[in-house]
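For the sequence shown, the working numbering puts the final residue at 248, and the numbers step up evenly by one.
Please read the structure below before turning to the comments.
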Amino acid sequence: MSNPPMYTNLVALDREQHKKLRLSTERSSLDRIKGFNSLFVAVAEFAEACREFPVVFVRVGAVAPEGQRQAIAPLAVFGLKPSSNLFVEGDKWTGRYLPAYIRRYPFAMARVAEGSDDMAMCIDQSWEGFSETEGEALFGADGQPSQLLLNAKEFVENFEREAERTRQACEILQDLDLLQEMRFEAALPSGEKIDVEGFLTVNEQKLAELPDAKVVELHRNGMLAVIEMHRISLGNMSRLAAQYQAA
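Put into structure tokens, the structure is as follows:
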């Protein structure tokens with residue numbers, strides 16, 4: 002089972018193997034993301050995320066064979082330098098919004114086998130917040146999931162539904178050929194220059210040239226709002242540059 006960003010030892014949750022496992026809900030997991038300058042954000046989160054982070058699109062997964070297109074996904078940007086997260090200070094998150102990708106940790110849904118569509122509730126077994134002596138139990142004495150685990154399962158299942166909605170939204174942007182390569186440059190008062198590339202944004206000219214019927218369709222399926230929130234979020238690039246200068 003492969004490990005997504007932030008996770009190091011993802012395993013399927015087993016009622017017997019993990020029957021004594023407890024989780025410390027007080028322990029911060031932010032040390033896991035202090036080296037990430039961006040992470041996945043679902044379109045359902047754009048309304049909150051666009052107020053604070055640049056939300057951009059990037060190509061993900063393996064390079065597609067000739068004649069096929071590579072998948073894309075939206076990311077919330079936390080820093081303009083590699084391994085720089087400007088929203089983590091010690092064990093505190095300084096932003097007003099914490100993306101669901103981070104909030105679901107140390108749980109996740111994952112495919113049980115390569116190529117399989119079967120999903121299983123998983124945990125990052127390496128997480129220091131797990132033990133058999135401290136924290137809240139994952140299973141009761143009767144072997145049934147605790148309320149903590151039931152809540153976590155509901156959260157990660159909802160996350161997967163929103164991730165699928167996001168994948169479909171990205172396919173719409175690709176179908177309409179609305180994305181373009183973009184580059185951000187900033188010269189700081191210190192004289193240092195910041196140059197960020199490798200991300201995609203909506204091409205405003207192509208958007209304006211869409212047929213009226215397609216614009217109405219995008220309005221009705223909610224994609225126009227998604228596009229507008231993405232465009233608004235790009236103004237946060239300059240905010241990140243200012244945060245970096247002040248750090």
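Glycine included, each C-beta is placed from N, C-alpha and C at the ideal position.
By Cβ distance below 7 Å, which residues in the same chain neighbour residue i in space, the five residues on each side in sequence not counted?
i	result
Phe156	Arg105
Asn237	Glu53, Phe54 and Pro55
So, under 8 Å CB-CB, residue i and residue j are touching, yes? Tell me the CB distance rounded to an integer number of Å.
i	j	result
Tyr1	Phe41	Past the boundaries of the shown model lies residue 1; the chain is included only from 2 to 248, so the question cannot be answered.
Phe47	Val227	6 Å
Ser234	Cys51	4 Å
Pro107	Trp128	4 Å
Gln71	Val64	6 Å
Closest Cβ-Cβ distance between residue i and chain B: below 8 Å?
i	result
Glu229	Within the model displayed, chain B is absent; a lone protein chain is all it includes.
What's the gap between the Cα of residue i and the Cα of residue j?
i	j	result
Met230	Asn38	20 Å
Glu198	Met183	6 Å
Gln244	Ala142	49 Å
His19	Arg60	36 Å
Lys35	Ser147	31 Å
Lys215	Glu172	15 Å
Glu135	Asn152	19 Å
Where does residue i land, buried or exposed, given buried means 16+ other C-beta within 10 angstroms?
i	result
Pro66	exposed
Pro83	exposed
Identify whether residue i lies in helix, strand or coil by the three-state DSSP scheme.
i	result
Gln206	helix
Met120	strand
Phe58	strand
Met224	helix
Gln181	strand
Val78	strand
Can you name, in chain order, every residue of its own chain whose Cβ lies under 6 Å from the Cβ of residue i, other than the five neighbours on each side?
i	result
Ser4	The sequence given here has Asn at residue 4, not Ser. Only Leu11 meet the Cβ criterion.
Gly62	Ala72
Given the structure, does residue i come close to the ligand SAM, in the sense that its CB is under 7 Å from one of the ligand's heavy atoms?
i	result
Gly141	Looking for the ligand SAM in the displayed structure turns up nothing, as the structure carries no ligands at all.
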